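Following: one structure in structure tokens, then a few remarks.
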Amino acid sequence: MSKQRVISFPHMGDYHIPIRTLFQRLYPDAEVRPAPPITKETAALGARHSPDFICEPFKYNMGNFIEALESGATMLLQTGTGCRYGYYGELQEQILRDLGYEFKFLCLNRERAHPRAAYQTLKQFGSPLSVPQTAHALLIAMASIRAMDRLAGYVREHTASVHQPEDMSQIYSEFLKHLRSADSLQTIRTLDKSYGKQLRRLPQAEIVSPLKVGIVGDLYTVMEPFANYDLEQRLLARGVSVSRRMSLTFLLFGPPRRQRLRAAGGYLRHPVGANGLDSVAQSLAYAISGYDGILHIKSFGCTPELNAVPALMNISTDYQIPILHLSFDTHTSPTGLETRIEAFLDMIAQRRETRADIQPGRRHRFHLHQGRHPR
Amino acid sequence: MLEANAVKNEITAHAIGTLSRHPEVRTILEIGGQDSKIILLNDGVVTDYAMNTLCAAGTGAFLSSQAGRLGLDIEDMGPLALESKSPAAIAARCTVFAESDLIHKAQVGYSKADLVAGLCRAVASNYLSNVGKGKKITPPVIFQGGVSRNQGVVQAFREELGAEIFVDQSGPLMGAIGAALLAKKAPKREVSFRFDLTEQAFDTRAHICERCPNHCEVTRFFRNSVELDHWGNRCEYV
Numbered sequence: 494m495s496k497q498r499v500i501s502f503p504h505m506g507d508y509h510i511p512i513r514t515l516f517q518r519l520y521p522d523a524e525v526r527p528a529p530p531i532t533k534e535t536a537a538l539g540a541r542h543s544p545d546f547i548c549e550p551f552k553y554n555m556g557n558f559i560e561a562l563e564s565g566a567t568m569l570l571q572t573g574t575g576c577r578y579g580y581y582g583e584l585q586e587q588i589l590r591d592l593g594y595e596f597k598f599l600c601l602n603r604e605r606a607h608p609r610a611a612y613q614t615l616k617q618f619g620s621p622l623s624v625p626q627t628a629h630a631l632l633i634a635m636a637s638i639r640a641m642d643r644l645a646g647y648v649r650e651h652t653a654s655v656h657q658p659e660d661m662s663q664i665y666s667e668f669l670k671h672l673r674s675a676d677s678l679q680t681i682r683t684l685d686k687s688y689g690k691q692l693r694r695l696p697q698a699e700i701v702s703p704l705k706v707g708i709v710g711d712l713y714t715v716m717e718p719f720a721n722y723d724l725e726q727r728l729l730a731r732g733v734s735v736s737r738r739m740s741l742t743f744l745l746f747g748p749p750r751r752q753r754l755r756a757a758g759g760y761l762r763h764p765v766g767a768n769g770l771d772s773v774a775q776s777l778a779y780a781i782s783g784y785d786g787i788l789h790i791k792s793f794g795c796t797p798e799l800n801a802v803p804a805l806m807n808i809s810t811d812y813q814i815p816i817l818h819l820s821f822d823t824h825t826s827p828t829g830l831e832t833r834i835e836a837f838l839d840m841i842a843q844r845r846e847t848r849a850d851i852q853p854g855r856r857h858r859f860h861l862h863q864g865r866h867p868r
Numbered sequence: 108m109l110e111a112n113a114v115k116n117e118i119t120a121h122a123i124g125t126l127s128r129h130p131e132v133r134t135i136l137e138i139g140g141q142d143s144k145i146i147l148l149n150d151g152v153v154t155d156y157a158m159n160t161l162c163a164a165g166t167g168a169f170l171s172s173q174a175g176r177l178g179l180d181i182e183d184m185g186p187l188a189l190e191s192k193s194p195a196a197i198a199a200r201c202t203v204f205a206e207s208d209l210i211h212k213a214q215v216g217y218s219k220a221d222l223v224a225g226l227c228r229a230v231a232s233n234y235l236s237n238v239g240k241g242k243k244i245t246p247p248v249i250f251q252g253g254v255s256r257n258q259g260v261v262q263a264f265r266e267e268l269g270a271e272i273f274v275d276q277s278g279p280l281m282g283a284i285g286a287a288l289l290a291k292k293a294p295k296r297e298v299s300f301r302f303d304l305t306e307q308a309f310d311t312r313a314h315i316c317e318r319c320p321n322h323c324e325v326t327r328f329f330r331n332s333v334e335l336d337h338w339g340n341r342c343e344y345v
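Quick note, the sequences are listed as chains A and B, same order.
Just so you know, we're using this note's numbering here: the first sequence kicks off at 494 and counts up by one.
Just so you know, we're using this note's numbering here: the second sequence kicks off at 108 and counts up by one.
Quick look at the structure:
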């Protein structure tokens, strides 16, 4: 077995950059190669080898895995906690083995995602790094993730208000290019600062106050542009300022559960699995801070987000803020999406014109729909 | 292609058009051939809307295919439905199953009028549970789209909602009126609308881009052999 090990993993947005750096450090003698970019072919391949009613991230991951194996990967990564995503690893491994592939499967899901267990698993798979060295590698990955999310967030919110929007995305992709080769905390910090400065220095457009839309929803569909048919790009192209709090940074370093429950302001009194609670809390924050509308996006059949819908409807009525619910799966049509977004933006623009005097405000606090505990 | 002043989609256009005739409207129900939507308004502003997402059950296409099965013209369905005293209960969650149910009810011996009335009810209840799901329907309610010509469906909505349903005779034109109003409001442009549409040569060419495994279906659009636009691509390399 002198063959070099090739490590591969599924895609989610641009996060393949820090993940790749991380695993290159953990396994210096292996080649780390993210799965080939997601295409229609990937989606079709994944859907063919997945249960029909499973949610979409499973199918995309599956397609990524198969294409990675076909292009020579010998070790795959998977993770997941929170909802049934946490059980995907086992099922995907079994399906791939049944298809006849041979590979090692590094699966850090559920309880295996805890630091001690994760470190042991990494060791088992032959990482030569000591605990402090592993921690250092993790710190670098976290720093890149934070920097990416910070800048990407700025780009989403401010593209609509700069003079030449294309400069924004250009600066950001240049940042990503440099981030690929950044291998120390110092370099990442410098990149973060200098590109942040470049973005903030772009000349502002004449027209102020673009429409402000917040995006909430299930983490994968929200963060993987292929899965949501480039929803954010479509909005940015229409001159909308887009905010999204969900990111890897949020997932890794977000507020603790109690604080998130409090942030849901009584609209949910218990977590509803994965990030359903966060969708509610974030929507409430958008409603209170006077956003024009909220897009709630989820993969078809996502139970936690489905659980969040009634609470979102209450927020929508109480704060008079329109919420568009969009469900995505591999059968979604981009034209249908375009029509719905167009109509939604027309609607919120019209509302803003005619009801500029109406300020959103808090009306009712509690609702009966979500399990009140008997005393 | 048309050098239009404003490009708007059907939801906005219908809302604006209807408001111009009926400023007090709060709910617009619309059922067309293949899609159905609901638009909610308050003080003349669209506050919410929904469109059918999954299937065509409960749209005009369903009614016309069933009319064909019963050997009726689609225009005759409305008046016939109104004659019925005890409409047949037809399970219309799914078009295909509705058809089996219809055949069954016909075999059992329901009259044609009862069957048609049952179909109309099925359309209305399907619409309300699919498109109107979770929406608060406040009168005045206006019903438009092709299916609003069918008196049977109008009657079914009246019963389901317990409210008066208005059908405007110029209902089918509301979208056009709305589009015209929006164009009037839009900023003036240098080039004016091309009314010489029929004298131009338009051409579309579709091909599958092979540059990456995504295989986008790119459609290029030409006017007099000059490319105006292309779409279907996910990246800029076309």
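We treat Cβ as the ideally placed atom computed from N, Cα and C, and that holds for glycine.
Note that the structure is a prediction, hence the values are computed from the model and not measured.
Of all residues in the stretch 670 to 684 of chain A, none has a C-beta nearer than 9 Å to a C-beta of chain B.
In this structure the stretch 705 to 719 of chain A lies against the stretch 775 to 795 of chain A, because at least three pairs of beta carbons, one per stretch, are closer than 8 Å. Among the bridge pairs identified by DSSP, residue 316(B) is matched with none. Taking C-alpha positions only, residue 323(B) is separated from residue 343(B) by approximately 11 Å.
Residue 518(A) and residue 630(A) have their alpha carbons spaced roughly 6 Å apart.
In the three-state reduction of the DSSP assignment, residue 156(B) falls in the strand class. Under the Cβ criterion of 9 Å, residue 503(A) is not counted among the residues facing chain B.
Cβ proximity to chain B below 7 Å picks out 806 from the stretch 791 to 806 of chain A.
Put simply, the backbone Cα of residue 175(B) is about 10 Å away from that of residue 169(B). Taking 9 Å as the cut-off, the beta carbon of residue 654(A) is found no closer than this to the beta carbon of residue 707(A). In this structure, the straight-line span from the alpha carbon of residue 723(A) to that of residue 237(B) is close to 27 Å. With respect to residue 744(A), residue 634(A) sits apart: the two C-beta atoms are not nearer than 9 Å. Here residue 252(B) is near residue 139(B), since their CB atoms are less than 9 Å apart.
With the criterion set as a beta carbon lying under 9 Å from some beta carbon of chain A, the members of the stretch 316 to 334 of chain B are 319, 320, 321, 322 and 323, in sequence order. Residue 741(A) sits buried, since 16 or more C-beta atoms from the chains shown fall within 10 Å of its C-beta. By the neighbour-count criterion, in which 16 or more other beta carbons inside 10 Å mark a residue as buried, residue 827(A) falls on the exposed side.
Secondary structure of residue 695(A) (DSSP, three-state): coil. DSSP links residue 310(B) through a beta bridge to 329(B). For residue 790(A), the enclosing beta strand (DSSP E) starts and ends at 786 to 792.
When 717(A), 843(A), 666(A) and 732(A) are compared, the shortest CA-CA separation from residue 698(A) is found for 732(A). Among the residues of chain B, those whose CB is under 7 Å from the CB of residue 835(A) are 116, following chain order.
With the criterion set as a beta carbon lying under 8 Å from some beta carbon of chain A, the members of the stretch 150 to 182 of chain B are 150, 151, 152, 153, 154, 155, 156, 158 and 160, in sequence order. Around the beta carbon of residue 207(B), fewer than 16 other beta carbons sit within 10 angstroms, so the residue counts as exposed.
Contact fails between the stretch 125 to 143 of chain B and the stretch 839 to 847 of chain A, because fewer than three Cβ pairs, one in each stretch, are under 8 Å apart. For residue 146(B), the beta-bridge partners assigned by DSSP are 135(B) and 156(B). Restricting attention to 800(A), 726(A) and 748(A), the CA atom closest to the CA of residue 760(A) is found in 800(A). Beta-bridge partners assigned by DSSP to residue 336(B): 328(B). Against chain A, the CB of residue 119(B) has a partner CB under 9 Å away; the residue lies at that interface. When 7 Å is used as the limit between beta carbons, residue 241(B) is near these residues of chain A: 806, in chain order. Counting only runs of 3 or more residues that sit fully inside the stretch 724 to 754 of chain A, the beta strand (DSSP E) segments are 734 to 737, in chain order. For residue 780(A), same chain residues with a beta-carbon under 7 Å away, outside a window of 5 residues either side, are 808, 812, 814 and 853 in chain order. Taking C-alpha positions only, residue 797(A) is separated from residue 590(A) by approximately 29 Å. For residue 301(B), the nearest beta carbon of chain A is not closer than 9 Å to its own beta carbon. By DSSP's assignment, residue 572(A) forms a beta bridge with 601(A).
The stretch 289 to 305 of chain B and the stretch 212 to 219 of chain B do not touch, with fewer than three beta-carbon pairs separated by less than 8 Å. At least one beta carbon of chain B lies nearer than 9 Å to the beta carbon of residue 723(A).
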